[in-house]
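Residue numbers (our numbering), protein chains in the order written: chain G, 1 to 217; chain C, 1 to 217. Okay, so here's the structure we're looking at.
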DNA sequence: GCAAAAGTGTTCAGCGTACACCCATGC
DNA sequence: GCATGGGTGTACGCTGAACACTTTTGC
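As structure tokens, then:
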């Protein structure tokens, strides 16, 4: 895992990334955490965000991709920069500044690789345990950003599968925002944005009227 | 100026801050740049944003304060984090990731200290020369953020003096946004926010009706 | 026919936008 | 009295919010 930053840079701060990875599943907004395994890490055995030091030959974005893949076995998902946290004692092993990223996956199963370096787990955001470092703070900032951003951007596209019904999309908004939205107003608004394409399909879910299936353009 | 990051950390990225400092003066939105003086710097003699490496004992915010004070002789002004730039070759001397900050000053004169380490200059944002590193990009992102943020936040308070007339405030909005705003609608909206306090003063500016003076609450 | 979710319109209030004239002052 | 910027109100269209019933299907 993380090398001791102190040993590599005694005068200036070292740089890490930490990833707040979200998904919506089973009616919950969930966040990904991994078990800290490094022997010399005071948080060993505890949960923390997936993260690590940024290498000299990669951008922070590339670092996020590498760490999600190698540590958690998750590949090719959306991410964006959240905020850079630079409190002096946020890492007890030395001076590490962390660039936090939000990542989103809508279909973790097909993207999961066979091997992952660490044990990972998804927590309902309402039941996130105490995490190592300042990671509970990072999660809180990420949730706040996600809530804000779902309202004015098209970021919801990364939270749903490629094809979905309006009811599913409606539900994702409600889960992320934590409040219920009027069905008619929701449908009117989301259709007026012109981001959706209605497919020539119907979703049949047992004993009920089949719903139209949409995708993002 | 900046120490060679390569010499202090060979495996991982080093961390700097760069400050995009704005002011509005004489009908222009201006940005602060400083002359690069370090002998070993390939941009020596060129203009670049005020910045430097983050020390092991300071946060990025504190680093911004220190660099503005020591290098540019500017003290105690508003700043907020903008974005972290991590392209691999953005600094020709080694691997440096930069946390960019926006800073704003409304009254640089009283805040200017006597001594500054480097020669600084304010440029109209429409006439910024080619800067060192990726700093033109940073300036562009900062301007974009400032334009967005003036519309929904109260950040304009840092761009005006403590006391101002509505016409002055109106003018700052127009200068930052680069477009004219209807006078009556502007006044109606800004007064409806309830952020302003009307002072018992009138601003007399020669041959014209004196204007009411306001401050932010 | 009934259970269960899909789908659909109208009304109202608040907000942003467009637009033109009188006011207070110094000279 | 005139030049200069200070200061004010109304009408209209758009958007967000509240609100309830009919439709389609499988059993």
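The beta-carbon is built from N, C-alpha and C at its ideal position, and this holds for glycine as well. As the structure is a computational prediction, the values presented were derived from the model and not from experiment.
Using the rule of at least 16 other Cβ atoms within 10 Å of the residue's Cβ for burial, across every protein chain shown, is residue 127 of chain C buried or exposed? Residue numbering aside, residue 127 of chain C sits at position 127 when the second chain is read from its first letter. With fewer than 16 other Cβ atoms inside 10 Å of its own Cβ, residue 127 of chain C counts as exposed.
Helix or strand or just coil, what does DSSP make of residue 53 of chain G? For the purposes of this step, residue 53 of chain G is identified with residue 53 of the first chain, where counting begins at 1. Of the three classes helix, strand and coil, the one that applies to residue 53 of chain G here is strand, per DSSP.
Buried or exposed (CB count within 10 angstroms, at least 16 for buried), residue 106 of chain G: Here residue 106 of chain G corresponds to residue number 106 of the first chain, with the count starting at 1. Taking every protein chain shown into account, the CB of residue 106 of chain G has 16 or more other CB atoms within 10 angstroms, so this residue is buried.
Which ranges would you report for the beta strand (DSSP E) in the region 71-155 of chain C if only whole runs of at least 3 residues count? Listed in chain order, the complete beta strand (DSSP E) runs (minimum 3 residues) inside the region 71-155 of chain C are 78-85, 96-104, 120-124.
Residue 209 of chain G, DSSP secondary structure in three states: Here residue 209 of chain G refers to the residue found at position 209 of the first chain. In the structure shown, residue 209 of chain G sits in coil (DSSP, three-state: anything other than H, G, I, E or B).
Measure how close the beta-carbons of residue 104 of chain C and residue 77 of chain C come, nearest whole angstrom, since I'm counting them as under 8 Å. Counting from 1 along the second chain, the entry for residue 104 of chain C is found at position 104. Counting from 1 along the second chain, the entry for residue 77 of chain C is found at position 77. Sure, about 6 Å apart at Cβ, within 8 Å.
Which first and last residues belong to the beta strand (DSSP E) in which residue 34 of chain G is found? The residue given as residue 34 of chain G occupies position 34 in the first chain. Per DSSP, the unbroken beta strand (DSSP E) holding residue 34 of chain G starts and ends at 28-35.
Counting only beta-carbon atoms, is residue 15 of chain G nearer than 8 Å to chain C? Here residue 15 of chain G corresponds to residue number 15 of the first chain, with the count starting at 1. For residue 15 of chain G, at least one C-beta of chain C is nearer than 8 Å to its own C-beta.
With a threshold of 8 Å between beta-carbons, can residue 80 of chain G be considered close to chain C, or not? Here residue 80 of chain G refers to the residue found at position 80 when the first chain is read from its first residue. For residue 80 of chain G, no CB of chain C lies under 8 Å from its own CB, so it is not counted at the interface with that chain.
Using a Cβ-Cβ cut-off of 6 Å (strictly less than) and excluding sequence neighbours within five positions of residue 129 of chain G, which residues of its own chain qualify? For this step, residue 129 of chain G is matched to residue 129 along the first chain. Non-local C-beta neighbours of residue 129 of chain G in its own chain, meaning closer than 6 Å and more than five positions away in sequence, comprise 47, ordered along the chain.
So residue 32 of chain C contacts chain G; which residues on that side make the cut at Cβ distance below 8 Å? Here residue 32 of chain C refers to the residue found at position 32 when the second chain is read from its first residue. Within 8 Å Cβ-Cβ: nothing; residue 32 of chain C doesn't reach chain G, min ~21 Å.
Measure from the alpha carbon of residue 31 of chain C to the alpha carbon of each residue in C:23, C:13, C:150, then state which is nearest. Translated into the one-based positions of the second chain, residue 31 of chain C becomes position 31. Comparing C-alpha distances from residue 31 of chain C to each of C:23, C:13, C:150 shows the shortest one belongs to C:23.
Cβ-Cβ distance between residue 199 of chain G and residue 190 of chain G below 8 Å: Start at 1 with the first residue of the first chain, and residue 199 of chain G comes out as number 199. Start at 1 with the first residue of the first chain, and residue 190 of chain G comes out as number 190. No.
Using a C-beta to C-beta distance shorter than 8 Å, which residues of chain G count as neighbours of residue 58 of chain C? Within the second chain, residue 58 of chain C is the residue found at index 58, counting from 1. Those are 88, listed as they occur along chain G.
Can you name, in chain order, every residue of its own chain whose Cβ lies under 7 Å from the Cβ of residue 54 of chain C, other than the five neighbours on each side? Here residue 54 of chain C refers to the residue found at position 54 when the second chain is read from its first residue. Hits under 7 Å: 15, 16, 17, 60, 63.
Is the Cβ of residue 146 of chain C closer than 8 Å to any Cβ of chain G? As a first step, residue 146 of chain C must be located in the second chain, where it is residue number 146. No, residue 146 of chain C does not count as interfacial toward chain G.
Among G:83, G:41, G:58, G:20, which residue has its Cα nearest to the Cα of residue 74 of chain G? On the first chain, residue 74 of chain G is found 74 positions in, with the first residue counted as 1. It is G:20 whose Cα lies nearest to the Cα of residue 74 of chain G.
Less than 8 Å between the CB atoms is what I'm expecting for residue 175 of chain G and residue 28 of chain G, so what's the real figure, rounded? For this step, residue 175 of chain G is matched to residue 175 along the first chain. For this step, residue 28 of chain G is matched to residue 28 along the first chain. Between residue 175 of chain G and residue 28 of chain G a beta carbon distance of about 7 Å is seen, short of the 8 Å cut, so the two are scored as contacting.
Nearest-angstrom Cα distance between residue 45 of chain G and residue 45 of chain C? Here residue 45 of chain G refers to the residue found at position 45 of the first chain. Here residue 45 of chain C refers to the residue found at position 45 of the second chain. Cα-Cα distance, rounded: 52 Å.
Through-space distance from residue 39 of chain C to residue 13 of chain C, alpha-carbon basis: Walking along the second chain from the start, residue 13 of chain C turns up at place 13. Walking along the second chain from the start, residue 39 of chain C turns up at place 39. One C-alpha to the other measures close to 22 Å.
Checking contacts by CB at 8 Å: is residue 84 of chain C closer than that to chain G? Residue 84 of chain C sits at position 84 when you count from the first residue of the second chain. Yes, its Cβ sits closer than 8 Å to a Cβ of chain G.
Is residue 49 of chain C closer than 8 Å to residue 218 of chain C when the C-beta atoms are compared? The requested residue 218 of chain C is not part of the displayed model; chain C covers only 1 to 217.
If we call anything under 8 Å between Cβ atoms a contact, is residue 150 of chain G one with residue 177 of chain G? Here residue 150 of chain G is taken as the residue at index 150 of the first chain, counted from 1. Here residue 177 of chain G is taken as the residue at index 177 of the first chain, counted from 1. Against a cut-off of 8 Å, the Cβ pair of residue 177 of chain G and residue 150 of chain G comes out as a contact.
Within 8 Å (strictly less), CB to CB, does residue 93 of chain C reach chain G? On the second chain, residue 93 of chain C is found 93 positions in, with the first residue counted as 1. Taking Cβ atoms only, chain G never reaches closer than 8 Å to residue 93 of chain C, which makes this a no.
For the alpha helix (DSSP H) that contains residue 19 of chain G, what are its first and last residues? Residue 19 of chain G sits at position 19 when you count from the first residue of the first chain. Boundaries around residue 19 of chain G are those of the beta strand (DSSP E), 14-25, since no alpha helix (DSSP H) includes it.
Members of the region 113-135 of chain G that neighbour chain C once the beta carbon cut-off is set at 8 Å: Listed in sequence order: no entries.
Rounded separation between residue 91 of chain G and residue 99 of chain C - CA only: As a working mapping, residue 91 of chain G is identified with position 91 in the first chain. As a working mapping, residue 99 of chain C is identified with position 99 in the second chain. Distance between the alpha carbons of residue 91 of chain G and residue 99 of chain C: 18 Å.
Measure from the alpha carbon of residue 135 of chain G to the alpha carbon of each residue in G:192, G:172, G:97, G:119, then state which is nearest. Taking the first residue of the first chain as position 1, residue 135 of chain G is located at position 135. When only C-alpha atoms are compared, the closest one is G:97.
What does residue 186 of chain G pair with, by DSSP beta-bridge criteria? The count along the first chain starts at 1 and reaches residue 186 of chain G at position 186. Per DSSP, none; premise fails for residue 186 of chain G.
On a Cα-Cα basis, can you pick out the residue from C:180, C:205, C:83 that is closest to residue 143 of chain C? For the purposes of this step, residue 143 of chain C is taken as the residue at position 143 of the second chain. Selected option, being the one with the closest Cα: C:83.
Any C-beta of chain C sitting closer than 8 Å to the C-beta of residue 25 of chain G? Within the first chain, the letter at position 25 stands for residue 25 of chain G. No - not a single Cβ of chain C is within 8 Å of the one on residue 25 of chain G.
Alpha carbon to alpha carbon, how far is residue 33 of chain C from residue 85 of chain G? By 1-based counting over the second chain, the position of residue 33 of chain C is 33. By 1-based counting over the first chain, the position of residue 85 of chain G is 85. Between residue 33 of chain C and residue 85 of chain G, the C-alpha separation is close to 25 Å.
Using a Cβ cut-off of 9 Å, pull out every chain C residue sitting near residue 264 of chain G, in sequence order please. Any answer about residue 264 of chain G is impossible in this case: the structure gives chain G only from 1 up to 217.
Taking residue 198 of chain C as part of the beta strand (DSSP E), name the residues at either end of that continuous run. As a position in the second chain, residue 198 of chain C is number 198, starting the count at 1. First-last of the beta strand (DSSP E) with residue 198 of chain C: 196-203.
Take the Cβ of residue 41 of chain G as the centre, count every other Cβ of all protein chains shown within 10 Å, and call the residue buried at 16 or more, exposed below. Numbered from its first residue, the first chain carries residue 41 of chain G at position 41. The residue in question, residue 41 of chain G, is buried, as its Cβ has 16 or more Cβ neighbours within 10 Å.
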